[in-house]
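Novice: Residue numbers (UniProt numbering): 3 to 254.
Ideal placement from N, C-alpha and C gives every residue a C-beta, glycine not left out.
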Ligand code: PEP
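1) Taking the CB atoms as reference points, tell me whether residue 241 and residue 168 lie closer together than 8 Å.
2) Nearest by alpha-carbon distance to residue 214: which of 229, 190, 201 and 205 is it?
3) From the DSSP output, read off the bridge partner residues of residue 63.
4) Quick check: what's the CA-CA separation for residue 124 versus residue 178?
5) Beta-carbon within less than 8 Å of residue 114's beta-carbon, same chain only, minus the 5 sequence neighbours each way: which residues are those?
6) First and last residue of the beta strand (DSSP E) that includes residue 197?
7) May I ask whether a heavy atom of the ligand PEP can be found less than 7 Å away from the beta carbon of residue 2?
8) Return yes when at least one heavy atom of the ligand PEP lies under 7 Å from the C-beta of residue 235, else no.
9) Please state whether DSSP places residue 212 in a helix, a strand or coil.
10) Excluding five sequence neighbours on each side, which residues of the same chain lie with their C-beta closer than 7 Å to the C-beta of residue 180?
11) Alpha helix (DSSP H) containing residue 33: first to last residue?
12) Expressed to the nearest angstrom, what Euclidean distance is found between the alpha-carbon atoms of residue 197 and residue 117?
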């Protein structure tokens with residue numbers, strides 16, 4: 003039996019118009035209704051309204067894929083945590099490697115967004131992970147420890163209970179090259195260790211730590227069987243209701 007309830011979160015990235023989102027959910031919602039884990043879909047801003055409405059009264063929880071760190075004001079094009087909360091959004095992905103790579107996201111802005119999300123009452127899914135070069139240079143653990151520490155700066159003990167950390171090796175995202183279950187376990191355990199150093203063992207033992215990176219129906223069960231892997235952040239496979247449901251089944 004797993005120590006913590008698993009959380010399986012789909013990250014749709016920039017896919018699915020509101021119309022397409024509706025169709026995908028019609029297939030997905032019945033497929034996961036008896037899930038034993040927490041099921042989340044993290045969708046584009048433009049889909050949120052429809053998705054929240056469709057998921058109301060189901061066991062599917064809704065997340066956004068980013069949030070701005072300021073409360074309100076002259077930040078054209080940005081979306082605040084209060085806006086998401088008021089819409090009925092519960093989770094938000096923060097610091098996805100695509101945002102770090104293409105949109106100038108840094109550990110510092112990840113920390114600001116994490117604090118903004120928590121202060122508003124959203125549950126952040128904070129993404130960390132190394133590049134292939136960093137793994138080959140043997141600095142994975144050091145790097146991920148630092149990413150976690152900076153992301154959680156000024157996050158209180160009470161707040162950190164609402165944080166999920168997703169370990170996503172960049173070389174495994176969207177590449178079909180999954181980390182081995184041992185590699186995933188090793189880094190997820192290292193993340194739990196640093197959380198323990200910061201907040202104590204009880205909080206570390208309660209924290210949900212996901213793996214993400216080419217997780218699919220064929221490899222999910224083995225990854226999710228590892229003691230420190232409490233779920234998955236699923237990109238590509240979350241766009242297919244059937245595949246996503248199979249991964250959810252693997253987590254139960
Ligand atoms: C992701 O986007 O978080 C992800 C893990 O993508 P994929 O499953 O496609 O590798």
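Specialist: On the basis of the supplied data:
1) Locating residue 241 in the chain shown gives position 239, where the first residue counts as 1. Locating residue 168 in the chain shown gives position 166, where the first residue counts as 1. Not a contact, by the Cβ cut-off of 8 Å.
2) Within the chain shown, the letter at position 212 stands for residue 214. Closest by C-alpha distance to residue 214, out of 229, 190, 201 and 205, is 190.
3) Taking the chain shown and counting its residues from 1, one reaches residue 63 at position 61. In the DSSP secondary-structure assignment, residue 63 is bridged to 42.
4) Along the chain shown, one-based indexing puts residue 124 at 122. Along the chain shown, one-based indexing puts residue 178 at 176. Rounded to the nearest whole angstrom, the C-alpha separation of residue 124 and residue 178 is 31 Å.
5) To locate residue 114, count along the chain shown from 1; it is residue 112. Excluding residues within five positions, the ones whose Cβ falls inside 8 Å are 71.
6) For this step, residue 197 is matched to residue 195 along the chain shown. Here residue 197 belongs to no beta strand (DSSP E); instead the alpha helix (DSSP H) covers 183 to 201.
7) Outside the shown range of the chain, which is 3 to 254, sits residue 2, and nothing can be said about it.
8) Counting from one through the chain shown, the residue named residue 235 turns up at place 233. Under cutoff, so the answer is yes.
9) Mapped onto the chain shown, residue 212 falls at position 210. Reduced to three states, the DSSP call for residue 212 is strand.
10) The residue you call residue 180 lines up with position 178 of the chain shown. Counting only Cβ-Cβ distances below 7 Å, and skipping sequence neighbours, we find 174, 215, 216, 217 and 221.
11) By 1-based counting over the chain shown, the position of residue 33 is 31. For residue 33, the enclosing alpha helix (DSSP H) has its first and last residue at 20 to 33.
12) Translated into the one-based positions of the chain shown, residue 197 becomes position 195. Translated into the one-based positions of the chain shown, residue 117 becomes position 115. Near 16 Å, if we compare the C-alpha coordinates of residue 117 and residue 197.
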